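The sequence shown begins at 1 in the UniProt record's numbering and counts up one residue at a time.
Glycine included, each C-beta is placed from N, C-alpha and C at the ideal position.
No experiment lies behind these values; they were computed from the predicted model shown.
Worksheet for the structure shown next.
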Amino acid sequence: MTSISSKTAPALLALALFGGAAQAALVPPQGYYEGIEKLKTSDGDFRCEAAPKPYTGALVFRSKYEGSDKARATLNADSEKAFRQSTQDITTLEKGVSKMVGQYLRDGRPAQLDCALAWLETWAQADALESTDFNHTGKSMRKWALGSMSGSWLRLKFSNAQPLAAHQAQAGKIEKWLARLAEQTVRDWSDLPLEKINNHSYWAAWSVMATAVATDRRDLFDWAVKEYKVGANQVDEQGFLPNEIKRRQRALAYHNYALPPLAMIASFAQANGVDLRKENNFALQRLGEGVLAGARDPVQFNIRAGAKQDLHDLKIDSKYAWLEPWCALYQCVGDTLKRKHDMQPFNSFRLGGDLTRVYDPGAEQKK
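Structural data, given as structure tokens:
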């Protein structure tokens, strides 16, 4: 039997004890470490409203494009109203948590944090949004909500103010629930044929990426990166996404809508030593530049999609929230940088709140 020298033994013991944790813990981009802006000593006029009722039923909802042709671009007012009503509690949770987390990181009032945690814990304890009875719109709501909640959670989890330090039990319940939702989201959106992979898959990947970092789950991180690469490799040489071009008059709007999750995933991957910027010959940069050009003059989208573009969404500043992570990845200059500055601050509850505070805090202070 071979003997182990006294010098070798400690090294082997260390390997046995720590070998499984060789990879560094997952982290968000640097801006997520920001503390409380200006601590307020008074309670202010904040009042914690009752949490919306946890949604525990089947995730089966009507689509706002119900009855539309295969382009899925014509709004059905009746089905949209039904969709809004049936998903109201979910959306109230998303927007409410994002708002309260933002308020807390601005003012530092304990009641704001307590309320956000109470809302999330209420839903976590009810196993909300976990139903395996769902349609396409239902699984879409699940991943949107997960991205909103995990995106907000990251700002609490990593803040230098350490707001969760005194709430470990609550935080543990909430994170276990977010992880379960992420695992189900992976099941919901895995192994789709290429012709079915579009912005929905990218938003699913963003929600899983946010949760991966929030819960330090390398398996979820790897899945999100894999899905990002599928998305990036759909971008053609001209910067178009074939499955979004199918949306005809809304093709440009859906290209713009595909950018936030892709830019956020690439930013989070970068923070963890995975550089996705060059994937498919700088596909993400090409996609962003194409959308910005299209917003100025949609003629190329009109030609490619075979329809005059509906520009309503392109006139809403918050729809360009992707510019914050994108410009951090590709160093925007000139007209693009000016456009970003003119539209700031960017706040998107589906991306976890105030992205300008995360990526360009100096700009927000100038407003």
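Rounded C-alpha distance that separates residue i from residue j
| i | j | result |
| --- | --- | --- |
| residue 92 | residue 86 | 12 Å |
| residue 59 | residue 143 | 11 Å |
| residue 253 | residue 238 | 17 Å |
| residue 192 | residue 44 | 49 Å |
| residue 146 | residue 181 | 7 Å |
| residue 204 | residue 42 | 40 Å |
| residue 111 | residue 184 | 32 Å |
| residue 337 | residue 120 | 36 Å |
| residue 138 | residue 63 | 9 Å |
| residue 53 | residue 346 | 29 Å |
| residue 126 | residue 223 | 27 Å |
| residue 17 | residue 179 | Because the pLDDT at residue 17 is just 46, under 50, the model does not fix this residue reliably, and the point stays unresolved. |
| residue 354 | residue 302 | 33 Å |
| residue 129 | residue 335 | 42 Å |
| residue 291 | residue 230 | 19 Å |
| residue 82 | residue 160 | 42 Å |
| residue 307 | residue 249 | 5 Å |
| residue 332 | residue 133 | 44 Å |
| residue 21 | residue 102 | Residue placement at residue 21 is flagged as unreliable, the pLDDT there being 49, under the threshold of 50; the coordinate-derived value follows with that caveat. So the alpha carbons of these two residues sit roughly 33 Å apart. |
| residue 95 | residue 23 | 34 Å |
| residue 348 | residue 46 | 22 Å |
| residue 36 | residue 170 | 21 Å |
Residues near residue i by beta carbon distance below 6 Å, same chain, minus five either side
| i | result |
| --- | --- |
| residue 107 | 40 |
| residue 245 | 251, 304, 305 |
| residue 216 | 25, 26 |
| residue 445 | What the structure shows of the chain is the stretch from 1 to 367, and residue 445 is not part of that stretch, so it cannot be assessed. |
| residue 84 | none |
| residue 263 | 322, 325, 326 |
| residue 339 | none |
Cβ pair residue i, residue j closer than 8 Å
| i | j | result |
| --- | --- | --- |
| residue 151 | residue 311 | no |
| residue 266 | residue 320 | no |
| residue 295 | residue 314 | yes |
| residue 154 | residue 213 | yes |
| residue 329 | residue 277 | yes |
| residue 235 | residue 280 | yes |
| residue 358 | residue 29 | yes |
| residue 34 | residue 361 | yes |
| residue 261 | residue 206 | yes |
| residue 225 | residue 149 | no |
| residue 174 | residue 118 | no |
Classification of residue i by the beta-carbon crowding that lies within 10 angstroms, buried from 16 upward
| i | result |
| --- | --- |
| residue 324 | buried |
| residue 56 | exposed |
| residue 165 | exposed |
| residue 88 | exposed |
| residue 190 | exposed |
| residue 210 | buried |
| residue 219 | exposed |
| residue 32 | buried |
| residue 247 | buried |
| residue 288 | buried |
| residue 172 | exposed |
| residue 297 | exposed |
| residue 188 | buried |
| residue 256 | buried |
| residue 356 | buried |
| residue 156 | buried |
Check: residue i C-beta below 7 Å from any heavy atom of the ligand MN
| i | result |
| --- | --- |
| residue 219 | As far as ligands go, the structure on display features none, and thus does not contain the ligand MN. |
Which of helix, strand or coil DSSP assigns to residue i
| i | result |
| --- | --- |
| residue 42 | coil |
| residue 360 | coil |
| residue 59 | strand |
| residue 79 | helix |
| residue 158 | coil |
| residue 347 | strand |
| residue 354 | strand |
| residue 134 | strand |
| residue 186 | helix |
| residue 313 | helix |
| residue 101 | helix |
| residue 27 | coil |
| residue 287 | helix |
| residue 337 | helix |
| residue 261 | helix |
| residue 64 | coil |
Beta-carbon contacts of residue i that lie in its chain and below 7 Å, excluding the five residues immediately before and after
| i | result |
| --- | --- |
| residue 140 | 200 |
| residue 100 | 112, 115, 116 |
| residue 122 | 51, 54 |
| residue 343 | 317, 320 |
| residue 208 | 182, 185, 186, 220, 223, 224 |
Same chain only: Cβ atoms within 8 Å of residue i, ignoring 5 sequence neighbours per side
| i | result |
| --- | --- |
| residue 341 | 363 |
| residue 270 | 29, 276, 277, 329 |
| residue 258 | 198, 199, 202, 231, 241, 244, 287 |
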